[in-house]
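These protein sequences, in sequence, are chains P and Z. Letter by letter, the first sequence follows residues 231 to 400 in our numbering. Letter by letter, the second sequence follows residues 28 to 131 in our numbering. Yeah, the Cβ is synthetic: ideal placement off N, Cα and C, and Gly gets one too. A short worksheet on the structure shown next.
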Amino acid sequence: MSLSVILFGLLAALAVGTGISTIMSRNPVASAVSLIMHFFSLAGIYLTLQAQFIAVVQVLVYAGAIMVLVVFVIMLLNIGREEQMREKSSFRIGISIGLSIILAFQLGKYAFTDLARKNFLPQNAATNGTTEALGTALFEHYLFPFEAISLLLLIAVMGAVILAKRQVKN
Amino acid sequence: MILQSVPLEYYLTLSAILFVIGAVGVLTRRNAIIIFMSIELMLNAVNLTLVSFSQFFNDPAGQIFVFFVMAVAAAEAAVGLAIVLALFRNKRTIYVDEVNIMKW
Numbered sequence: 231m232s233l234s235v236i237l238f239g240l241l242a243a244l245a246v247g248t249g250i251s252t253i254m255s256r257n258p259v260a261s262a263v264s265l266i267m268h269f270f271s272l273a274g275i276y277l278t279l280q281a282q283f284i285a286v287v288q289v290l291v292y293a294g295a296i297m298v299l300v301v302f303v304i305m306l307l308n309i310g311r312e313e314q315m316r317e318k319s320s321f322r323i324g325i326s327i328g329l330s331i332i333l334a335f336q337l338g339k340y341a342f343t344d345l346a347r348k349n350f351l352p353q354n355a356a357t358n359g360t361t362e363a364l365g366t367a368l369f370e371h372y373l374f375p376f377e378a379i380s381l382l383l384l385i386a387v388m389g390a391v392i393l394a395k396r397q398v399k400n
Numbered sequence: 028m029i030l031q032s033v034p035l036e037y038y039l040t041l042s043a044i045l046f047v048i049g050a051v052g053v054l055t056r057r058n059a060i061i062i063f064m065s066i067e068l069m070l071n072a073v074n075l076t077l078v079s080f081s082q083f084f085n086d087p088a089g090q091i092f093v094f095f096v097m098a099v100a101a102a103e104a105a106v107g108l109a110i111v112l113a114l115f116r117n118k119r120t121i122y123v124d125e126v127n128i129m130k131w
């Protein structure tokens, strides 16, 4: 087994472990910290894919901006531990088990495929994930969506301000 | 290059596992903030699929989509957490099973 597969395996195990602890933890702060570690391990996996730009943006946007928002809201609302896991409907548990069975079935199909027929990263992948390549694609072919997303962010900021503003009661 | 021997199937498998973890979190938890974090888990699983295909097929379009998904996730985080704040202010709870004002 090569070094890169071991590295990928370590990062993948970290990602799955922190993902499970995110959804299993009773304390929302512990969930948030697990999720931050999950985002960092995903950034490492993007680096094994040689997608440097996306790896850096992952840390900046998810681990930096979004999780700071989540931690601030947890702090503002002063949410403690859940005393016991809330009562859950068996319908939702059933859907969860069904999803897991479908996943196990798909993984079983992969386990029996021939390793020789698997796809490996092409030689020039490193040039595909650079800021230069992505910037060229973004500003040549995807300029209009790029400008449209700024409008979306502006609307989201206005919506957040209006929703979170204290209503004046008379 | 040393980092080129992990096959595409491993990335897709990891992405499927992470997506199911996020979906199970949304379905089984009642805490609105943890449901919110589970949605972020699912978005990240899809991002991983997009980046893997983009790198293996040598097409930057997939990574541009990830860029847009991140922008939409940031907008969703701002609006979603503002809704959680407004919910807590009006109902004094963040457990979604205690909120049924839109249930008929």
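Start and end residues, alpha helix (DSSP H) containing M254/P
Taking the first residue of the first sequence as 1, we reach residue 254/P at position 24. Its alpha helix (DSSP H) spans residues 233-254.
Suppose the cutoff is 8 angstroms on Cβ atoms and the five residues either side in sequence are ignored; what does the same chain contact list for F369/P look like?
Indexing the first sequence from 1 puts residue 369/P at position 139. If we look at F369/P and ignore the five residues flanking it on each side, its Cβ neighbours are F376.
Who are the Cβ neighbours of L244/P in its own chain at under 6 angstroms, not counting the five residues just before and after it?
Residue mapping note: residue 244/P aligns to position 14 of the first sequence, counting from 1. Excluding sequence neighbours, L244/P sits near S271.
In this structure, does DSSP put Q280/P in helix, strand or coil?
Counted from its first residue, the first sequence places residue 280/P at position 50. Note: Q280/P maps to coil in three-state DSSP.
Report, in whole angstroms, the separation of the C-beta atoms of L39/Z and T76/Z, which I expect to be a contact under 8 angstroms.
Along the second sequence, read from residue 1 onward, the residue named residue 39/Z stands at position 12. Along the second sequence, read from residue 1 onward, the residue named residue 76/Z stands at position 49. Confirmed, Cβ separation roughly 6 angstroms.
I'd like to know if L240/P contacts chain Z, where contact means its C-beta is closer than 9 angstroms to some C-beta of that chain.
By one-based count along the first sequence, residue 240/P stands at place 10. With 9 angstroms as the cut-off, L240/P does not count as an interface residue toward chain Z.
According to DSSP, residues forming a beta bridge with N58/Z
Here residue 58/Z is taken as the residue at index 31 of the second sequence, counted from 1. According to DSSP, which records beta bridges pairwise, N58/Z is partnered with Y122/Z.
Any C-beta of chain Z sitting closer than 9 angstroms to the C-beta of G359/P?
Sequence index remark: in the first sequence, residue 359/P carries index 129 (1-based). Cβ-Cβ to chain Z under 9 angstroms: yes for G359/P.
Would you verify that the beta carbon of I128/Z is, or is not, closer than 9 angstroms to some beta carbon of chain P?
Taking the second sequence and counting its residues from 1, one reaches residue 128/Z at position 101. Cβ-Cβ to chain P under 9 angstroms: no for I128/Z.
Please report how far the alpha carbon of K118/Z lies from the alpha carbon of V53/Z, in whole angstroms.
Residue 118/Z sits at position 91 when you count from the first residue of the second sequence. Residue 53/Z sits at position 26 when you count from the first residue of the second sequence. If you take the alpha carbons of K118/Z and V53/Z, they lie about 21 angstroms apart.
Cβ distance (whole Å) where N85/Z is taken to contact A356/P below 8 angstroms
Position 58 of the second sequence, counted from the first residue, corresponds to residue 85/Z. Position 126 of the first sequence, counted from the first residue, corresponds to residue 356/P. That belief does not hold up - the Cβ atoms of N85/Z and A356/P are roughly 11 angstroms apart, past 8 angstroms.
R322/P versus chain Z: which residues are under 8 angstroms apart at the beta carbon?
Position 92 of the first sequence, counting from 1, holds the residue named residue 322/P. Result: L54, T55.
Span separating the alpha-carbon of N127/Z from that of F83/Z
Within the second sequence, residue 127/Z is the residue found at index 100, counting from 1. Within the second sequence, residue 83/Z is the residue found at index 56, counting from 1. Roughly 46 angstroms between the two C-alpha positions.
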